[in-house]
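Right, one structure below, let's go through it.
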Amino acid sequence: MKTLFYPLLAALTVTSVSAETVWLDDLNLAVATQDFGAPQKNKSVDGHALTLGGKVFERGFGTHADSTLNLKLDGGAQKFSARVGVDDEINKNPSASIEFIVRGDDKVLWQSGVMRAGAAAKACEVDVTGVTALELAVSDADDGISFDHADWAEAKFETAGAKTFATSGGAVLPPVAPYILTPPAPVTPRINGASVVGVRPGSPFLFTIPATGDRPMSFSAKKLPSGLKLDAKTGHITGTLPRPQAVPADAKGGYFLTHDNVSGNYTVTLVAKNSLGTAEKELRIVCGDRIALTPPMGWNSWNCFAGEVSAERVKRAADAMVKSGLINHGWTYVNVDDFWQNRHNSKDPTLQGAFRDVQGNIVPNARFPDMKGLADYIHKLGLKAGLYSSPGPWTCGNCTGSFDREWQDAAKYAQWGFDYLKYDWCSYAPAMEARRGNSTNYPLAAGSWSGAHPSSHADLMKPYAIMHEALAAQPRDIVYSLCQYGMGDVWEWGDQVGGNCWRTTGDITDTWKSMSSIGFNQDKAAPFAKPGNWNDPDMLIVGEVGWGNLHPTHLTVDEQYTHISLWCLLAAPLLIGCDMEKFDDFTLNLLSNDEVLAVDQDPLGQQATCVLKDGHLRAYAKKLADGSRAVGFFNLGTQPLNLSFSAFSPVGLAGRLTVRDLWRQKEVAQLNTANGALLLAIPPHGVVLYRFTPAK
Ligand code: GLA
């Protein structure tokens, strides 16, 4: 069988300083694999002087967990030594925790134990006599990779005369040539996207009919409630709806699914027409307290632009969402992440300036000269606009946060016309301590995040409840996205503080390890997903991503199919993280398969759970509103998986079933679960995504 691993070996021509000492930084470090940023010679991962516990080191290897550097010593070295730790550049952020591990010929030779920010360098001295293959690894200490900036300072070998060693990174799957599975949308009209939408009484309504098919196309709607109007050319539905007269006595979260024609619950027939045909689809508009009745779909600036975002880039992203046709598949939100505000002690002139004006209103930075103009621009395209802040005085990027200004900020967002707020915990803990009088440290200098995170639910909920109240009082609907990485099992109480979605994990990055360890560990939160409340395993990492350093995603093609299939099964908010001006056909295709997206947008709002684990096989099943099941069969292994699958009970349906391949959009089998079997061929780290429907 073909082997799927191959080492990234790099031949070297460098000479060592002396015959006895080979400095690690003289070797080829560029081949090291790491889960964030690029390997650095004599610098930290962010490009600063290597600094551990206040001490600066001239030489060494700056990296980021999870990191692997393999060295072919072939018995040529006697000793490896280094000074290791978390680089000071992350300002004592408590999220950082890493472990340095030295392995020789697959045996652990040395481990640092868990190291945290601010600690002095630890001495690593290892006897490597006779070792053939040495691995220098940094793990995330099993708590996610946020802020895990790792330095191997003063790292060097004592040798018996060897002058250099070949280096390679960790094992990775070989690249897979892109292959497109989704058939092109028909030229006749087809209406895609969510079939239910929530709006609060009196809030401005905006819904763009997502329709594929040749243009020009004209739109109409049957039974559109008075108060709403439809633009026949653009398909934009706008207006406001009145407060419902009566609410059914048994009204609960999902009542709109079962009770038609109650006040505030409108079933509209959308119609799209072109010269080749006409399509119709029902849309349920539910006017009540709850919004985000299906997971939000859109784009966010962080995974591509991070601290380099600007209003111009955001407008271009909005344009790209329209020009690429994504708007025709239900993609809606265009969200600005951190760095629209001014930044504490920034050296960048575009981030310098007052944090707030004399009335206390937040001041956007020079890259965002007209916030209302930006939101208007996005709305004119039929899209919605999103923004970012923190309940602490400073955001995670050291920009102005909302601490003590929640009502004023919420009012501003609404005046500007924003429809979505991501509210990110950073710096809240020390502010809370200071407020209680346990510290004299308030107002906080940016980056002083050393306060311990609270463990009580009440403390964790408080800042989110305050902003919720402020948002709820605004005359517009603002989707509320909690970002605190899952602390205190946020899924259990996120709804109580008005959250529409909540991050369940630390930050994602574009590696298999990051994506799979997040995506395949969401079952605990699954019971809490429902219309209006979504577990958020973080934003998408397909396309050109890079947090200010754009590069094609490090996920293989099959890993990307896995990523999108899994996020849709998980009923996750889908926020594209790439530069949408740089779409290639493959990425666009991944994001525009309407049958796959329909799994995410299914109105029942259930989250898939793992129903089968067998070796490298994982099956995730999601119950859909029409009684069918979406099932993803994933291969976590590095070899192709071919199997005959006949144990249907975990799928949750029995009898005669129609099986449809959602990526290929075609029926693949009719079977009876009593005696049928499905042949599954799943590529390494790949998926097949099926919908099982009881046969009529
Ligand atoms: C945190 C969040 C990210 C992003 C950055 C912005 O790390 O988890 O998604 O918003 O902050 O600084």
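The sequence shown maps to residues 12 to 707 in the working numbering. Backbone N, C-alpha and C define an ideal beta-carbon position, used for all residues, glycine too.
Legend entry - Cβ neighbour criterion (16 or more within 10 Å) applied to Lys240: exposed
Inset, instruction - Reducing DSSP to helix, strand and coil, say where Ile5 ends up. - result: Residue 5 falls outside the range modelled here, since the chain spans only 12 to 707, and no answer is possible.
Inset, instruction - Return yes when at least one heavy atom of ligand 1 lies under 7 Å from the C-beta of Trp313, else no. - result: yes
Inset, instruction - Would you tell me roughly how many angstroms separate the C-alpha atoms of His160 and Asp154, rounded to the nearest one? - result: 14 Å
Legend entry - Inter-residue Cα distance where the pair is Ser576 and His355: 40 Å
Legend entry - Buried versus exposed call for Val698 [16 or more other C-beta atoms within 10 Å across all chains shown]: buried
Legend entry - Sub-8 Å separation of Ala196 and Thr175 beta-carbons: no
Legend entry - Reference Phe10, options Arg675, Trp578, Thr520, Arg629, closest by Cα: Any answer about residue 10 is impossible in this case: the structure gives the chain only from 12 up to 707.
Legend entry - Any non-hydrogen atom of ligand 1 within 7 Å of Gly408 CB: yes
Inset, instruction - Assuming Asp162 contacts Val113 (C-beta within less than 8 Å), just tell me the rounded distance between them. - result: Contact flag wrong, Cβ pair sits at about 15 Å.
Legend entry - Assumed close pair Glu110, Ser123 - CB separation to whole angstroms, cut-off 8 Å: 6 Å
Inset, instruction - Could you tell me whether the Cβ atoms of Ala131 and Gly73 are closer together than 8 Å? - result: no
Legend entry - Where the beta strand (DSSP E) through Lys284 begins and ends: 276 to 285
Inset, instruction - Determine the extent of the alpha helix (DSSP H) in which Leu385 is found, giving its start and end residues. - result: Here the alpha helix (DSSP H) through Leu385 covers 382 to 391.
Inset, instruction - Decide if the segment 539 to 548 is in contact with the segment 34 to 41; the criterion is three or more beta carbon pairs, one per stretch, under 8 Å apart. - result: no
Legend entry - alpha helix (DSSP H) runs wholly inside the segment 161 to 216, at least 4 long, in chain order: none
Legend entry - Contacting residues, own chain, Cβ-Cβ under 7 Å from Thr143 (five flanking each side not counted): Leu84, Asp85, Gly86, Asp116
Inset, instruction - For the alpha helix (DSSP H) holding Ile575, just list the boundary residues, first then last. - result: 568 to 580
Inset, instruction - Please indicate yes or no: does the CB of Tyr399 lie closer than 7 Å to some heavy atom of ligand 1? - result: At least one heavy atom of ligand 1 sits closer than 7 Å to the Cβ of Tyr399.
Inset, instruction - Let me know the secondary structure DSSP gives Trp504 once reduced to three states. - result: Coil at Trp504, not helix or strand.
Inset, instruction - Specify whether the segment 401 to 416 and the segment 349 to 368 touch according to this definition: at least 3 beta carbon pairs, one from each stretch, less than 8 Å apart. - result: Yes, the segment 401 to 416 is in contact with the segment 349 to 368.
Legend entry - Local conformation of Tyr266 per DSSP, three classes: At Tyr266 the pLDDT is 47, less than 50, meaning the model places this residue with poor confidence; the figure from the coordinates comes in the next sentence. The answer is helix: DSSP assigns Tyr266 an H, G or I state.
Inset, instruction - Using beta-carbon positions only, say whether Pro651 and Pro705 come within less than 8 Å of one another. - result: no
Legend entry - CA-to-CA distance, Tyr388 to Trp427, given in whole angstroms: 11 Å
Legend entry - Where Leu690 falls, given that 16 or more other Cβ within 10 Å makes a residue buried: Under the 10 Å beta carbon count, Leu690 is surrounded by fewer than 16 other beta carbons and is classified as exposed.
Inset, instruction - Kindly list the residues whose CB is nearer than 6 Å to the CB of Val622, restricted to its own chain and excluding five residues on each side of it in sequence; keep chain order. - result: Ala630, Ala632, Pro661
Inset, instruction - State the Cα-Cα distance for the pair Tyr491 and Val333, rounded to the nearest angstrom. - result: 24 Å
Legend entry - Run of the alpha helix (DSSP H) containing Pro705, from where it starts to where it stops: From DSSP, Pro705 is part of no alpha helix (DSSP H) but of the beta strand (DSSP E) over 698 to 705.
Inset, instruction - Flag this pair as yes or no: are the beta carbons of Thr516 and Leu184 separated by less than 8 Å? - result: no
Inset, instruction - Along the beta strand (DSSP E) that carries Met308, what are the first and last residues, could you check? - result: 308 to 311
Legend entry - Length at least 3, wholly inside the segment 65 to 114: the beta strand (DSSP E) runs in chain order: 66 to 68, 71 to 75, 78 to 83, 88 to 97
Inset, instruction - Please say whether Lys118 and Met126 have beta carbons closer to each other than 8 Å? - result: For Met126 and Lys118, no; Cβs fall outside 8 Å.
Inset, instruction - Could you tell me which residues DSSP pairs with Cys135 in its beta bridges? - result: Ala93
Inset, instruction - From the DSSP output, in three-state form, read off Ile296 for me. - result: Look at Ile296 here: in three-state DSSP terms it is strand.
Legend entry - Asp348 Cβ short of 7 Å to ligand 1 heavy atom set: yes
Legend entry - Stretch-stretch touch, CB-based, cutoff 8 Å, three pairs: the segment 227 to 246 with the segment 317 to 326: no
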